[in-house]
Amino acid sequence: MLNVEKQINQLRDGALEAWSDAAYLLEGNRVWFGLFAVHLAVEKALKAHVIKETRDIPPFIHNLPNLADVARLNLNEEQKNLLADLNPISADDTRKCWDCPLSWLKCKRW
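For the sequence shown, our numbering begins at 384 and goes up steadily by one.
Below, the structure written as C-alpha coordinates:
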(Lines of atoms letter the chains of each structure in order from A and count residues from 1; the text may use other names and numbers.)
(Lines give C-alpha, C1' and ligand atoms only; values in the text may rest on other atoms or scores of the structure.)
Protein backbone atom coordinates (compact mmCIF):
# COMPACT_ATOMS: atom_id res chain seq x y z
CA MET A 1 0.00 0.00 0.00
CA LEU A 2 1.25 3.47 -0.90
CA ASN A 3 2.16 5.67 2.05
CA VAL A 4 0.62 8.82 0.60
CA GLU A 5 1.93 11.32 3.14
CA LYS A 6 5.47 9.93 2.99
CA GLN A 7 5.52 10.07 -0.81
CA ILE A 8 4.12 13.61 -0.88
CA ASN A 9 6.70 14.76 1.67
CA GLN A 10 9.58 13.18 -0.27
CA LEU A 11 8.45 14.78 -3.52
CA ARG A 12 7.92 18.15 -1.82
CA ASP A 13 11.40 18.05 -0.29
CA GLY A 14 12.89 17.01 -3.62
CA ALA A 15 11.07 19.84 -5.39
CA LEU A 16 12.38 22.40 -2.90
CA GLU A 17 15.92 21.06 -3.28
CA ALA A 18 15.71 21.16 -7.08
CA TRP A 19 14.33 24.72 -6.89
CA SER A 20 17.28 25.75 -4.71
CA ASP A 21 19.66 24.11 -7.19
CA ALA A 22 17.96 25.98 -10.04
CA ALA A 23 18.43 29.33 -8.33
CA TYR A 24 22.11 28.58 -7.69
CA LEU A 25 22.72 27.46 -11.26
CA LEU A 26 20.90 30.40 -12.81
CA GLU A 27 22.80 32.87 -10.63
CA GLY A 28 25.99 31.33 -12.01
CA ASN A 29 24.74 31.69 -15.61
CA ARG A 30 24.37 27.90 -15.94
CA VAL A 31 21.13 28.46 -17.82
CA TRP A 32 20.57 25.02 -19.38
CA PHE A 33 21.12 23.10 -16.14
CA GLY A 34 19.27 25.77 -14.19
CA LEU A 35 16.21 25.40 -16.38
CA PHE A 36 16.50 21.62 -16.19
CA ALA A 37 16.42 21.95 -12.37
CA VAL A 38 13.35 24.21 -12.65
CA HIS A 39 11.64 21.52 -14.76
CA LEU A 40 12.60 18.88 -12.20
CA ALA A 41 11.24 20.98 -9.32
CA VAL A 42 7.93 21.58 -11.08
CA GLU A 43 7.68 17.92 -12.10
CA LYS A 44 8.16 16.76 -8.51
CA ALA A 45 5.62 19.26 -7.22
CA LEU A 46 3.09 18.14 -9.83
CA LYS A 47 3.68 14.48 -8.99
CA ALA A 48 3.03 15.28 -5.33
CA HIS A 49 -0.30 16.81 -6.40
CA VAL A 50 -1.06 13.70 -8.46
CA ILE A 51 -0.54 11.51 -5.39
CA LYS A 52 -2.65 13.83 -3.25
CA GLU A 53 -5.47 13.78 -5.79
CA THR A 54 -5.40 10.13 -6.89
CA ARG A 55 -3.90 8.43 -3.80
CA ASP A 56 -1.86 6.41 -6.31
CA ILE A 57 1.60 6.33 -7.88
CA PRO A 58 1.99 9.11 -10.47
CA PRO A 59 2.62 8.14 -14.09
CA PHE A 60 6.24 7.66 -15.14
CA ILE A 61 6.24 10.68 -17.46
CA HIS A 62 8.01 14.03 -17.55
CA ASN A 63 5.28 15.88 -19.45
CA LEU A 64 4.29 18.79 -17.22
CA PRO A 65 0.93 19.67 -18.83
CA ASN A 66 -0.11 16.01 -18.71
CA LEU A 67 0.89 15.74 -15.04
CA ALA A 68 -1.16 18.87 -14.26
CA ASP A 69 -4.15 17.25 -15.99
CA VAL A 70 -3.74 14.00 -14.03
CA ALA A 71 -3.52 16.07 -10.83
CA ARG A 72 -6.77 17.79 -11.85
CA LEU A 73 -5.27 21.22 -11.27
CA ASN A 74 -7.34 24.19 -12.37
CA LEU A 75 -4.65 26.27 -14.08
CA ASN A 76 -5.08 29.64 -15.74
CA GLU A 77 -3.70 30.33 -19.23
CA GLU A 78 -0.48 31.87 -17.94
CA GLN A 79 0.24 28.79 -15.82
CA LYS A 80 -0.59 26.46 -18.71
CA ASN A 81 1.73 28.43 -20.98
CA LEU A 82 4.53 28.27 -18.42
CA LEU A 83 4.23 24.48 -18.19
CA ALA A 84 4.22 24.25 -21.99
CA ASP A 85 7.34 26.45 -22.18
CA LEU A 86 9.17 24.36 -19.58
CA ASN A 87 8.06 21.05 -21.05
CA PRO A 88 10.85 20.68 -23.68
CA ILE A 89 13.46 20.79 -20.91
CA SER A 90 12.72 17.29 -19.64
CA ALA A 91 14.82 14.22 -19.06
CA ASP A 92 13.25 12.78 -22.21
CA ASP A 93 14.54 15.68 -24.29
CA THR A 94 18.07 16.03 -22.91
CA ARG A 95 19.33 13.73 -25.64
CA LYS A 96 17.86 15.96 -28.34
CA CYS A 97 19.19 19.24 -29.63
CA TRP A 98 16.98 21.87 -28.06
CA ASP A 99 17.13 25.57 -28.94
CA CYS A 100 16.66 27.60 -25.78
CA PRO A 101 14.71 30.82 -26.47
CA LEU A 102 17.09 33.78 -26.41
CA SER A 103 15.02 35.45 -23.69
CA TRP A 104 15.76 32.50 -21.37
CA LEU A 105 19.49 32.93 -21.86
CA LYS A 106 19.13 36.32 -20.15
CA CYS A 107 17.39 34.73 -17.16
CA LYS A 108 19.18 35.66 -13.93
CA ARG A 109 16.54 35.92 -11.20
CA TRP A 110 13.04 34.73 -10.42
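The beta-carbon is built from N, C-alpha and C at its ideal position, and this holds for glycine as well.
This one's a predicted model, so the numbers in the text were calculated from it and none came from an experiment.
Using DSSP with H/G/I as helix, E/B as strand and the rest coil, what is residue 397? helix
From this set, 445, 464, 423, 384, which residue's C-alpha is nearest residue 403's C-alpha? 423
Less than 8 Å separating the beta-carbons of residue 427 and residue 401? yes
Grab the span of the alpha helix (DSSP H) containing residue 449 for me, first residue to last. 447-453
Start-to-end residues for the alpha helix (DSSP H) that takes in residue 434: 414-437
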